[in-house]
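Contents: one structure, followed by commentary.
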Amino acid sequence: MLKVTDVGKTYGKFTALENINLEVADGEFLAIMGPSGSGKSTLINILGLLDQSYTGEYLLENKSYKDVNDNQLSQIRGDELGFVFQNFKLLTTYNVYENIEVPLIYSKKEQNKKRQLVADVIDKVGLKGKEKNIPSELSGGQQQRVAIARAIVNRPKLIIADEPTGALDSKTSKEIMDIFTKLNQAGTTIIMVTHDSEVAEYAMRTVYIRDGRLYNDEKSVKNHD
Amino acid sequence: MTDKLMIALKSIGKNKNRNFLTMLGIIIGIASVICILAIGDGFTHTMIKGMGNHNMRNKVIIQWEPTSDYNTDGGFTQNDASALAGIPGVDHVKLTSSVAEAGAKAQYKTKNFSIGLNKQPKHLKLVKGTYFTMTGASNGVYISEDLAHKLFKENAINRLISIDGTIYEVQGIYHIGSMEYRPDAYVAKTTFKQLFANQIIKDQAKIYVNDGASKKQIGKAAVKRMKQMGEEKKTGKYSVSNPDQISKQFTRILNDVTYFIAFIAGISLLIAGIGVMNVMYITVSERRKEIGIRRAFGATSSDIRNQFLIESVVLCVIGGIIGMILGYILVSIINAFLPFKAVITPYAIILSLSVSTAVGLIFGFIPSNKAAKSELVGLLKEE
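Quick look at the structure:
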């Protein structure tokens, strides 16, 4: 799916990432663990094609996007990637349906098909009947389900999740992780950043990041089914 | 596009008060534009129609004007009329006067006044005395309240005055309203013809032309002929009278007013534009999170720019439409006071919509561009 070779990033004198080497296979579920300020977010911003100013090489499906223009990047983000954020990042004045629809506005799919896609993912994350609710009327877990639905509505190959359970209690976290597991089993590659080792256990493999360096690149022992 | 329109409407609806205040400038500006155009169009329309009514189609007017202010005798004579009638293409010629009354001296004892007088009209409302049509060379006279006061102070009825040396008896007194034009005195029709009519010089020759003849050429030829053989060519000048003269003057005044209102409309729209720019800046910074989310899920920077541009244009167009409605109401009110009917043409509506769209595009561009150019990683840190 992706290959990172000697990637680094500095903010002025501060080194945020250094010599990052990472390979993620198709269909893998990878957890990146590390304390805050370790460079987790910086790394997934690069992996998610949100941040283009880095050194080294990053290939997504064997293709470097370092020199492609902004429009093409947007298209790749919309079609191939799906993001889930810690604090959901939903549009507060839009209802569930409209939030999930956002990535489809910018894709060239037919209107009828779009409606079907939204209905499908609402079903998949268990939010049927909540289409007309706005985020503030939902619980944290429900809001994160909306965010996941939004991330997968365009059927992306790779989901990038930044602390998806960071704002949730442990019971809700489990529900959310079950959704991720199901998605992964259906073939979606997932890269998830977390500082919670229990959550990381859902992944097939965990890597650790500290002070901008990546450690312990070994297959996760616990391969839950 | 529909998606973006819906987003724009939603966002505008969210801040109704703020956006309405922003629209005020546009509303006033567009209402002014509608009024100006309606009055201008209405005037032009009326003028064109009016020209048809006055039947200027087959008639040229030649004017005689005295060269000296002291010698006002002159004008066209019957010989002149015959000479003009001889011009090829002329059907017939009528001599008329642009002046309605004769000048005379009214005297009572030692008091002496220059007055204007005319033959008595069919009807006249009197404040004193009884009105009747005087027959023959009667020496009755009706005088204005003002003249009566100046000559006699009071009790003017049945008193005798001298007008240009002839004695007349005051039969009645009439009032001249402030908006009304009347001469100072009226005498019997026959008397007027005998004594004063020659004073009213025939300074206009109405030349009726045959169908198909060129009015312009006949007008030129008529002036030329009068300059050569007009009987009063030494005391005055001949020229083709322009029937549009008055309307031209009115048009000029109207134009001045139009420029003034256009100036106000322009300033109003400029300030409105700055208001729009300001509110768009606020909107953009309030919605950094939203921009970040949309960008992460596939929106290109031009998608973002367009979204905010559309929002700015929609805001201005809504303002423009309200402005048009206000303009329509204003025009209906103005129409009650205008001598002609102001009309709102489709052109005015198209222009108003274009102007509001342009304001939205021009003043929305910089904030929209700012939104489009924002650093993505920074946007996603926003809460």
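Keeping their order, the protein sequence lines are chains P and Z. According to UniProt numbering, the stretch in the first sequence is residues 1 to 225, in order. According to UniProt numbering, the stretch in the second sequence is residues 1 to 383, in order. Positions of the beta carbon are idealized from the N, C-alpha and C atoms, including for glycine.
Query                                                                                                                                                         : Result
Give me the Cα-Cα distance between T251/Z and A348/Z, rounded to the nearest whole angstrom.                                                                  : 19 Å
Touching or not, the stretch 307–326 of chain Z and the stretch 7–17 of chain Z, by the rule of three or more beta carbon pairs under 8 Å?                    : yes
Checking 7 Å against the spacing of the C-beta atoms, do V84/P and A161/P come in under that value?                                                           : yes
Let me check one thing: in DSSP terms, what residues is D203/Z bridge-paired to?                                                                              : DSSP output for D203/Z lists no bridge partner at all.
Could you spell out the range, first to last residue, of the alpha helix (DSSP H) harbouring residue 397/Z?                                                   : Since the first residue of chain Z shown is 1 and the last is 383, residue 397/Z is not available in this structure.
F297/Z CB to nearest chain P CB: under 7 Å?                                                                                                                   : yes
Leaving out five residues on either side along the sequence, give the residues of the same chain with a beta carbon under 7 Å from the beta carbon of Q383/Z. : The question names Gln, but residue 383/Z in the sequence shown is Glu. Closer than 7 Å at Cβ, skipping near neighbours: K289.
On the criterion of 16 or more Cβ atoms from any shown chain inside 10 Å, does residue 244/P qualify as buried, or is it exposed?                             : Since the displayed chain P opens at 1 and closes at 225, residue 244/P lies outside it and no answer follows.
Let me check one thing: in DSSP terms, what residues is residue 385/Z bridge-paired to?                                                                       : Here chain Z covers residues 1 to 383 and nothing more, so residue 385/Z does not appear.
Cutting at 6 Å between CB atoms, please list the residues of its own chain near G42/Z, excluding the five before and the five after it.                       : F340, K341, A342 and V343
Less than 8 Å between the CB atoms is what I'm expecting for H175/Z and V127/Z, so what's the real figure, rounded?                                           : 5 Å
Have a look at Q307/Z, G89/Z and G136/Z and flag the residue whose alpha-carbon is nearest the alpha-carbon of L195/Z.                                        : G136/Z
Shortest alpha-carbon distance to S38/P belongs to which of L50/P, T55/P and E18/P?                                                                           : E18/P
Where does I27/Z sit, in a helix, a strand or coil, going by DSSP?                                                                                            : helix
Output yes or no for whether 7 Å exceeds the beta carbon distance between I61/Z and A221/Z.                                                                   : no
When the cut-off is 7 Å and only beta carbons count, does L158/P lie next to chain Z?                                                                         : no
At what residues does the alpha helix (DSSP H) containing G292/Z begin and finish?                                                                            : R288 to A296
Would I293/Z pass as an interface residue toward chain P - the criterion being a Cβ-Cβ separation below 7 Å?                                                  : yes
Please confirm if E286/Z has its CB atom under 7 Å from at least one CB of chain P.                                                                           : no
Using C-beta distances below 7 Å, list every residue in its chain close to N62/P, excluding the 5 sequence neighbours before and after it, in chain order.    : none
For F83/P, which residues in chain A fall below 8 Å Cβ to Cβ?                                                                                                 : In the structure shown, chain A does not exist; the protein chains are P and Z.
For L95/Z and P121/Z, what's the separation of their Cα atoms in angstroms?                                                                                   : 21 Å
Go through its chain and collect everything with a Cβ distance to I39/Z's Cβ below 6 Å, but skip five positions before and after it.                          : A342
Do you know how far the Cα of E101/Z is from the Cα of D156/Z?                                                                                                : It is Ala, not Asp, that sits at residue 156/Z in the sequence shown. C-alpha separation (whole angstroms): 23 Å.
Count the other CB atoms within 10 Å of the CB of R115/P; is the residue buried (16 or more) or exposed (fewer)?                                              : exposed
Checking contacts by CB at 7 Å: is S368/Z closer than that to chain P?                                                                                        : no
Residues in the same chain with beta-carbon distance under 7 Å from G52/Z, minus the five sequence neighbours each way, listed in chain order, please.        : Because the pLDDT at G52/Z is just 48, under 50, the model does not fix this residue reliably, and the value given afterwards should be weighed accordingly. Around G52/Z: no qualifying Cβ.
Could you compute how far the alpha carbon of residue 415/Z sits from the alpha carbon of S97/Z?                                                              : Residue coverage of chain Z in this structure runs from 1 to 383, which leaves residue 415/Z outside it and unanswerable.
For K14/Z, which residues in chain P fall below 7 Å Cβ to Cβ?                                                                                                 : T93
Check A156/Z in the structure and name its three-state DSSP category.                                                                                         : coil
So for M134/Z, helix, strand or coil by DSSP?                                                                                                                 : coil
For V170/Z, list the residues DSSP reports as bridge partners.                                                                                                : V141/Z
Quick one: using the 10 Å Cβ neighbour count with 16 as the cut-off for buried, is P164/P buried or exposed?                                                  : buried
In angstroms with no decimal places, state the Cα-to-Cα distance between N198/Z and T235/Z.                                                                   : 17 Å
Around the C-beta of T5/P, are 16 or more other C-beta atoms found within 10 angstroms, so that it is buried, or is it exposed?                               : exposed
If we ignore side chains and look at the alpha-carbon of each, how far apart do Q75/P and T357/Z end up?                                                      : 30 Å
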